[in-house]
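Numbering (the UniProt record's numbering), first residue to last: 1 to 65.
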Amino acid sequence: MTQAAVKTSIDSALGSQLDRLFGVLVTNLETQSAAEATAEFRKGLEFSLRAHAIATSVAEELIKG
């Protein structure tokens with residue numbers, strides 16, 4: 001798998017995660033206060049971005065050999 005293909009795959013996974021997070025945010029806004037819903041969204045977003053950065057870094061190192 002080329003570096004570009006790996007990056008595309010990792011970016012696609014992040015996109016899917018962000019779609020899920022936005023869906024959860026909308027659902028939570030119906031049942032929680034805006035502050036609670038956005039705090040939960042922020043936690044999920046921060047986790048997702050850290051995971052994306054780690055996955056990208058690991059993939060780059062593996063491709064380098």
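Think of the CB as a built atom: it goes at the ideal place given N, C-alpha and C, for glycine as much as any other residue. Quick caveat: nothing in here was measured; it's all calculated off a predicted structure.
Can you look up S33 in the DSSP assignment and give me helix, strand or coil?
coil
Chain-order list of residues whose beta-carbon lies under 8 Å from that of L18 (same chain, five-residue window excluded):
L45 and S48
Using DSSP with H/G/I as helix, E/B as strand and the rest coil, what is T8?
helix
Mapping the DSSP letters down to three states, classify G65 as helix, strand or coil.
coil
Spatial neighbours of L21 within its chain, please: CB distance less than 8 Å, with the 5 preceding and 5 following residues excluded, ordered by chain position.
F41, G44, L45 and S48
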